[in-house]
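Numbering of the sequence shown is given in our numbering, commencing with residue 1 and proceeding in unit increments.
This report refers to the structure that appears directly beneath it.
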Amino acid sequence: MLDFYAHLWPWLAACAVAGAATGALVPSGAGKRPARWLIWAGLASCAAAAAILLGAVEGAASLQIESALACFAAFIAGATAAALSRRTLAGHEAWAIGLIPAMLLWWGAAHVAQPAYEALLQKRIADLAEAAGADPAGLSLAGRDVTASPAISANKDLLARIAEAPGVRRVIALEGPPPAESEKREDVTATIPEPATAASAPTDAAPPASGELDAAQCQRALDAVVASDPVAFTEARATINRRVALALDKAVEVIRRCPNRTIEVRGHGDAGASANTLSRRRALAAERYLRREGVAGRKMVAVGEKAAQEHRSGIDYILR
């Protein structure tokens, strides 16, 4: 946390200056008790800090809360210092007006400093992975939380070094080796619909529970996986977190049984989004994960959808 605050210091200094200006310029009132807004703000700050310490908030949201707490603390410290220079804290009730520039500064920190810090942290853990001879693509970052793929999770020494890296809050190790597991196979095959009747056309028959699939069976099985275990990315992000990885693992089990044909990994953006860069990033992230988990023998193509609409999943699979 201190490493993050050190990276955030220009924004914290600006918040302190805003607080100092507020404390120096607002008129001195007659209030002797803490202002009601200050009490509620303090209680909310304590609750937010407790949620972070207890791990109730994860990923980028925790980083935004940490930056908000730091900016608020810097603002209050600046206002208090300026008020004490006037030898009175009686004007603290009017400090609320200074929260407006402080909130604007926090917004700037969350959209400028935070992404830069996440990029720095991503480089740190990637360097550690490369030094250990591991693939950095097996590590994904959300805020200060690192998620390791099953292949990386087997390297306990690497996970320990990542956990000790400055800025890392915790490491989430995805359990289970890349090869297929019986439980996962049961979960995937359970999503494949049962044959309606014996008279159904061959193209409507359910794929077999094991063995190779033909093209039509593979496409139906992939569609079933998308329907039962949709890939749900965090809004405006393309990070492979635990939830996304578990959904992609279900597709891995099916793809391993598909014929050696090109599979289009189609990414979708958030509903209402105007740009297609997010859908492209999601497709690339999913394609890299699938290759890493043992489907490199198949030709895979990452495609981003051009127009973001309402979709059942962030990723679809099209067998060409």
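From the three backbone atoms N, C-alpha and C, an ideal C-beta is built for every residue, glycine too.
Predicted model, so just to flag it, every value in this text is computed and none were measured.
Sequence-distant residues of its chain with Cβ nearer than 8 Å to residue i (five each side left out)
{"i": "THR262", "result": "ARG298, LYS299, MET300, VAL301, LEU319, ARG320"}
{"i": "ARG169", "result": "MET1, SER62, GLY143, ARG144, ASP145"}
{"i": "LEU159", "result": "ALA148, ILE152, SER153, VAL171, ALA173"}
Under the three-state DSSP convention, the category residue i falls into
{"i": "GLY59", "result": "helix"}
{"i": "ASP145", "result": "strand"}
{"i": "ASP316", "result": "strand"}
{"i": "VAL26", "result": "coil"}
{"i": "GLY304", "result": "strand"}
{"i": "ARG161", "result": "helix"}
{"i": "LEU139", "result": "strand"}
{"i": "ALA21", "result": "helix"}
{"i": "ARG36", "result": "helix"}
{"i": "VAL171", "result": "strand"}
{"i": "GLY42", "result": "helix"}
{"i": "ALA196", "result": "Since pLDDT at ALA196 reaches only 45, below the 50 mark, its modelled position is unreliable, and no value is offered."}
{"i": "GLU118", "result": "helix"}
Own chain partners of residue i with C-beta closer than 7 Å, once the 5 adjacent residues on each side are dropped
{"i": "ARG243", "result": "ALA232"}
{"i": "ALA13", "result": "none"}
{"i": "TRP11", "result": "CYS71, LEU105, GLY108, ALA109, ALA113"}
Short Cβ contact (9 Å threshold) for residue i with residue j
{"i": "GLY78", "j": "ALA21", "result": "yes"}
{"i": "ALA137", "j": "ARG288", "result": "yes"}
{"i": "ILE315", "j": "ARG266", "result": "yes"}
{"i": "GLY167", "j": "LEU120", "result": "yes"}
{"i": "ASP223", "j": "LEU246", "result": "no"}
{"i": "ILE65", "j": "ALA51", "result": "yes"}
{"i": "ALA83", "j": "ALA35", "result": "no"}
{"i": "LEU330", "j": "ALA221", "result": "As displayed, the chain neither begins before 1 nor continues past 320, which places residue 330 out of reach and without an answer."}
Sequence-distant residues of the same chain with beta carbon closer than 6 Å to residue i, five excluded per side
{"i": "ILE240", "result": "SER140, ALA285, TYR289"}
Notebook entry, point to check: Okay, do the segment 279-298 and the segment 148-163 touch, 3+ Cβ pairs below 8 Å being the bar?
Noted result: yes
Note to self: When you compare the segment 35-46 with the segment 101-110, are there three or more beta-carbon pairs, one atom per stretch, that lie closer than 8 Å?
What the structure shows: no
Notebook entry, point to check: Going along the chain, which unbroken runs of the beta strand (DSSP E) with 3 or more residues stay wholly within the segment 217-288?
Noted result: 263-267
Note to self: Which runs of the beta strand (DSSP E) at least 3 residues long sit entirely within the segment 61-113? Give them in chain order.
What the structure shows: none
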